[in-house]
Amino acid sequence: MIKPLFVAVIPYHITVTTGTEFDSSTDSRVFIIIMGPQKVETERLWLDLPEWKDEFADGSVEKFFVWGLDVGEIKKVETAVAAERHRYDQKSSALVCISKPLLVQSLSPLQAQSKV
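For the sequence shown, UniProt numbering gives the first residue as 1, with consecutive numbering after it.
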């Protein structure tokens with residue numbers, strides 16, 4: 001397989017909601033891998049909390065802005081919380097279920113703003 005010399009890197013805006021069930025919070029580092037068609041996928045995109053927050057608290061909503069490989073149409077998302085990894089099919093880029101405590105409410109590539 002020939003790999004391209006140049007790859008497009010784009011920004012993604014990700015909103016994560018932590019569940020409200022007992023013990024839904026986590027202080028583990030979380031990452032996602034976004035997958036497109038033909039096995040194109042991003043590297044690990046770390047969803048690091050600000051220094052003043054030490055966990056994904058029960059019922060919290062966190063927003064992230066990360067850069068990753070442009071995978072085209074988003075087909076699947078893989079995530080890891082601590083040592084557990086989960087993979088889910090995604091029917092639409094508007095809602096991705098990550099694991100019981102974490103729900104990605106939105107996952108979308110940001111559109112570049114053109115200057116006039």
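Glycine is no exception: its CB is placed at the ideal position from the N, C-alpha and C atoms. Everything numeric in this text was worked out from a predicted model, so none of it was measured.
Inset, instruction - Reducing DSSP to helix, strand and coil, say where LYS39 ends up. - result: In the sequence shown, the residue the question calls residue 39 occupies position 39. DSSP places LYS39 in the helix class (H, G or I) of the three-state scheme.
Inset, instruction - Could you pull the start and end residues of the beta strand (DSSP E) that LEU69 belongs to? - result: One-based indexing of the sequence shown puts residue 69 at position 69. DSSP places LEU69 in the uninterrupted beta strand (DSSP E) bounded by 61 to 69.
Legend entry - Residues bridged to PHE22 [DSSP beta-bridge criterion]: Working through the sequence shown from its first residue, we reach residue 22 at position 22. Its beta-bridge partners do not exist; DSSP assigns none.
Inset, instruction - In angstroms with no decimal places, state the Cα-to-Cα distance between GLU73 and VAL9. - result: Within the sequence shown, residue 73 is the residue found at index 73, counting from 1. Within the sequence shown, residue 9 is the residue found at index 9, counting from 1. C-alpha separation (whole angstroms): 14 Å.
Legend entry - For SER24, the nearest candidate out of PRO37, GLU51, VAL61, VAL40 (CA to CA): Numbered from 1 along the sequence shown, position 24 holds the residue referred to as residue 24. Minimum Cα distance to SER24 is reached at VAL61.
Legend entry - DSSP three-state assignment for ILE10, whether helix, strand or coil: Start at 1 with the first residue of the sequence shown, and residue 10 comes out as number 10. Three-state result, ILE10: strand.
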